[in-house]
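Number of protein chains: 2
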Amino acid sequence: MSVNASSLLPYVEKIERRRPLSDEARAAFLALPVQLESYGTYQSILNEGERPDRCCLIVEGVVSRYKSLKNGRRQINSFHYAGDMVDLQAAILTVADTGIRTHTPTKAVRIDCEDILDLAEKYPEWARAFWFDTQVDASIFREWTLNVGQRTAVERVAHLLLEISARLESIGQSDGKEFVLPVTQADLADAVGLSAVHTNRSIQQLRHSGALRTHGRKVVIENYPALAKVASFDRTYLHPEGPRR
Amino acid sequence: MSVNASSLLPYVEKIERRRPLSDEARAAFLALPVQLESYGTYQSILNEGERPDRCCLIVEGVVSRYKSLKNGRRQINSFHYAGDMVDLQAAILTVADTGIRTHTPTKAVRIDCEDILDLAEKYPEWARAFWFDTQVDASIFREWTLNVGQRTAVERVAHLLLEISARLESIGQSDGKEFVLPVTQADLADAVGLSAVHTNRSIQQLRHSGALRTHGRKVVIENYPALAKVASFDRTYLHPEGPRR
DNA sequence: CGGCGGTTTGATGTGACTCAAAAAGAGTGG
DNA sequence: CCACTCTTTTTGAGTCACATCAAACCGCCG
Numbered sequence: 001m002s003v004n005a006s007s008l009l010p011y012v013e014k015i016e017r018r019r020p021l022s023d024e025a026r027a028a029f030l031a032l033p034v035q036l037e038s039y040g041t042y043q044s045i046l047n048e049g050e051r052p053d054r055c056c057l058i059v060e061g062v063v064s065r066y067k068s069l070k071n072g073r074r075q076i077n078s079f080h081y082a083g084d085m086v087d088l089q090a091a092i093l094t095v096a097d098t099g100i101r102t103h104t105p106t107k108a109v110r111i112d113c114e115d116i117l118d119l120a121e122k123y124p125e126w127a128r129a130f131w132f133d134t135q136v137d138a139s140i141f142r143e144w145t146l147n148v149g150q151r152t153a154v155e156r157v158a159h160l161l162l163e164i165s166a167r168l169e170s171i172g173q174s175d176g177k178e179f180v181l182p183v184t185q186a187d188l189a190d191a192v193g194l195s196a197v198h199t200n201r202s203i204q205q206l207r208h209s210g211a212l213r214t215h216g217r218k219v220v221i222e223n224y225p226a227l228a229k230v231a232s233f234d235r236t237y238l239h240p241e242g243p244r245r
Numbered sequence: 246m247s248v249n250a251s252s253l254l255p256y257v258e259k260i261e262r263r264r265p266l267s268d269e270a271r272a273a274f275l276a277l278p279v280q281l282e283s284y285g286t287y288q289s290i291l292n293e294g295e296r297p298d299r300c301c302l303i304v305e306g307v308v309s310r311y312k313s314l315k316n317g318r319r320q321i322n323s324f325h326y327a328g329d330m331v332d333l334q335a336a337i338l339t340v341a342d343t344g345i346r347t348h349t350p351t352k353a354v355r356i357d358c359e360d361i362l363d364l365a366e367k368y369p370e371w372a373r374a375f376w377f378d379t380q381v382d383a384s385i386f387r388e389w390t391l392n393v394g395q396r397t398a399v400e401r402v403a404h405l406l407l408e409i410s411a412r413l414e415s416i417g418q419s420d421g422k423e424f425v426l427p428v429t430q431a432d433l434a435d436a437v438g439l440s441a442v443h444t445n446r447s448i449q450q451l452r453h454s455g456a457l458r459t460h461g462r463k464v465v466i467e468n469y470p471a472l473a474k475v476a477s478f479d480r481t482y483l484h485p486e487g488p489r490r
């Protein structure tokens with residue numbers, strides 16, 4: 001298998017887990033010219049306000065999308081893992097309303113926006129796949145707004161941990177019980193709209209309640225039902241059922 | 246013009262403001278069979294968790310999408326106005342992760358999800374239009390997460406008012422300075438993650454600063470630059486520039 | 001003129017923030 | 001394997017923004 005195909009495969013697998021592609025459509029995607037790039041920890045992939053001409057598919061590592069205010073406060077909008085097309089929005093929106101940066105050493109491939117649009121134009125199934133992907137993204141954003149807008153500190157942190165767990169599980173990096181937390185508590189704080197100190201205290205509270213344990217970066221969910229209950233976590237919003245068509 | 250076409254026209258106009266459609270594509274949309282429905286104030290159009298088979302296009306009135314917690318707390322995720330296809334997500338996501346309800350007397354047309362998908366399959370320009378619409382939606386959700394996650398009470402309220410103003414302006418219901426606020430303060434509160442009381446006090450603060458005035462439901466922006474500054478409002482996230490293609 | 005949704009006010013409580021510093025890990029080089 | 005540094009997590013103390021509760025007020029409509 002070519003370098004291209006092997007780095008693009010995780011995304012195809014993610015799409016086909018939801019709904020199989022025709023051989024022709026799959027092949028067309030895997031034949032796209034790509035450019036593999038490596039990043040260190042906390043490196044910028046895209047800045048807010050830029051006009052990117054390429055999309056970004058994560059091959060390895062963890063990145064986040066964020067928006068920031070002039071006073072320095074930052075909101076992380078989403079975390080992305082291997083197989084995620086982070087910047088699908090770049091294909092059709094000309095100006096980036098979020099920045100993208102890494103949280104671990106990361107490998108990513110860049111795909112030309114025009115190639116994505118051509119694919120969507122030629123293959124309705126790809127148009128639908130990209131659209132579905134964007135809809136799931138949007139659904140997650142809605143849940144995050146609910147999270148920071150209405151839940152208490154402990155609930156927010158619990159919810160985020162469960163989401164991370166679920167998403168890592170879908171790419172084989174968690175067994176649903178135990179996973180390596182790919183980000184620091186300060187980053188979690190930026191994602192749930194709390195201070196780092198209070199995020200830490202919320203995690204401690206979850207530990208003391210017996211819902212989870214941590215060993216360094218490793219998180220062990222001790223009592224999933226209890227954790228899901230405090231977080232009111234319901235994975236419907238991740239839309240694991242796939243698209244209607 | 247048929248009843249169908251006249252109620253569907255506002256959406257076509259919104260789409261074509263961004264990028265013109267081919268005559269054929271336009272005609273195909275306007276020929277869709279639709280069902281016009283009327284709702285009163287605070288009526289439910291869709292409940293969380295349902296499996297709708299039709300999308301919903303607002304002809305007249307204001308509706309919101311929301312998510313709620315078992316303790317009764319509610320987060321409004323978006324407001325929608327005439328010409329908005331509120332429930333485009335229903336076309337491709339099988340289960341609704343948000344509810345939809347009206348805030349004013351509302352007229353809406355229901356379009357079969359399968360018709361939407363057929364249109365996207367047959368006309369790549371429609372597939373792109375729907376995808377773009379969803380991307381803009383997602384961008385607004387990201388901004389709302391930033392709003393509730395990182396801004397202070399006064400900033401949040403100012404930002405929401407400016408967004409409402411900008412969106413009403415694009416459909417001719419505001420001149421950019423003066424508009425009729427289509428929702429109550431309690432609803433604003435649910436949208437910005439504050440209590441109704443504190444939302445009220447934040448509005449008062451904006452009034453006392455001279456940034457805006459209110460006469461009943463009418464809002465008059467007295468000092469747009471000042472208001473935009475406190476809100477750090479920048480309409481880039483509404484993507485008025487339209488799609489790349 | 002009475003009733004009702006919506007707005008406004010006041011008083012009080014508290015969850016989360018800030019600042020600052022200590023403790024614990026993780027990585028690097030001698 | 002230990003010393004050193006840098007990052008991340010944890011602790012403590014004091015403060016403030018926003019929540020809650022309850023009641024008054026206002027404007028609109030029948």
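Sequence order for the protein chains is A and B. The first sequence lines up with residues 1 to 245 when you count with my numbering. The second sequence lines up with residues 246 to 490 when you count with my numbering. Even glycine gets a Cβ: it sits at the ideal position worked out from N, Cα and C. Nothing here was measured: the structure is a model prediction, and the numbers come from that model.
Problem set entry | Nearest candidate by alpha-carbon position, reference A398/B, set I466/B, V475/B, G285/B, I303/B | V475/B
For this session: Select from the region 149–162 of chain A all residues with a C-beta closer than 8 Å to any C-beta belonging to chain B, and list them in chain order.
Result: G149, Q150, R151
For this session: Could you name the residues of the same chain whose beta carbon sits closer than 8 Å to that of G72/A, not counting the 5 residues immediately before and after it, in chain order?
Result: none
For this session: Within its chain, find whatever has a CB closer than 8 Å to the CB of I361/B; leave out the 5 residues flanking it on each side and keep chain order.
Result: C300, L333, A336, F375
Problem set entry | For E486/B, the three-state DSSP class (helix, strand or coil) | coil
For this session: Would you mind listing the alpha helix (DSSP H) stretches within the region 434–487 of chain B that are 4+ residues and don't spill past its ends, in chain order?
Result: 441–453, 469–476
Exercise. Can you round the beta-carbon distance between Y284/B and T347/B to whole angstroms, since I take them to be within the 8 Å contact cut?
Worked result: 5 Å
For this session: Whole angstroms is fine: what's the gap from A158/A's alpha carbon to G438/B's?
Result: 19 Å
Problem set entry | Integer Cβ distance of A365/B from A28/A, believed to fall under 8 Å | That pair is no contact at about 18 Å.
Problem set entry | Nearest to S252/B (by Cα), restricted to the options A471/B, E269/B, I303/B | I303/B
Problem set entry | Beta-carbon contacts of T41/A that lie in its chain and below 8 Å, excluding the five residues immediately before and after | T102, H103, T104, P105
Problem set entry | Contact list for N77/A against chain B, beta-carbon separation under 7 Å | R387, T390
Exercise. Grouping DSSP H, G and I as helix and E and B as strand, with all else coil, what is G99/A?
Worked result: strand
Exercise. Taking C-alpha atoms, which residue in D432/B, S419/B, P265/B, D357/B lies nearest to V465/B?
Worked result: S419/B
For this session: For the alpha helix (DSSP H) holding D357/B, just list the boundary residues, first then last.
Result: That residue, D357/B, is in no alpha helix (DSSP H); its beta strand (DSSP E) goes 351–357.
For this session: Look up E423/B in the DSSP assignment and say whether it is helix, strand or coil.
Result: strand
Exercise. Where do the ends of the alpha helix (DSSP H) carrying V393/B lie?
Worked result: 369–395
Problem set entry | Beta-carbon proximity list for G210/A, same chain, < 8 Å, skipping 5 on both sides | E222, N223, A226
For this session: Can you tell me which of the three DSSP states V399/B falls into?
Result: helix
For this session: List the DSSP bridge partners of R65/A.
Result: S78/A, I100/A
For this session: Would you mind working out which of S447/B, T390/B, R490/B, V425/B sits nearest R462/B, comparing C-alpha positions?
Result: V425/B
Problem set entry | Cutoff 7 Å: T184/A Cβ touching any chain B Cβ | no
Exercise. Can the beta-carbon of G99/A be found less than 7 Å from the beta-carbon of P10/A?
Worked result: no
Exercise. Would a check of beta-carbon distances place F478/B closer than 7 Å to chain A?
Worked result: no
Problem set entry | Cβ-based neighbour list, V393/B, same chain, cut-off 7 Å, excluding 5 preceding and 5 following | R401, V437, G438
For this session: Would you check if the distance between the CB atom of G487/B and the CB atom of R263/B is smaller than 7 Å?
Result: yes
For this session: Look at T199/A and T379/B and say whether their C-beta atoms are less than 7 Å apart.
Result: no
For this session: Taking a Cβ distance cut-off of 7 Å, strictly less, list which residues of the region 303–317 of chain B are near chain A, in chain order.
Result: K312, L314, K315
Problem set entry | C-alpha gap between E370/B and I448/B, whole angstroms | 42 Å
For this session: Specify, as a first and last residue, the run of the alpha helix (DSSP H) that I337/B falls within.
Result: 334–337
For this session: Measure the CB-CB distance between V279/B and I356/B and report whether it falls below 7 Å.
Result: yes
For this session: Indicate whether at least one CB of chain A lies closer than 7 Å to the CB of H348/B.
Result: no
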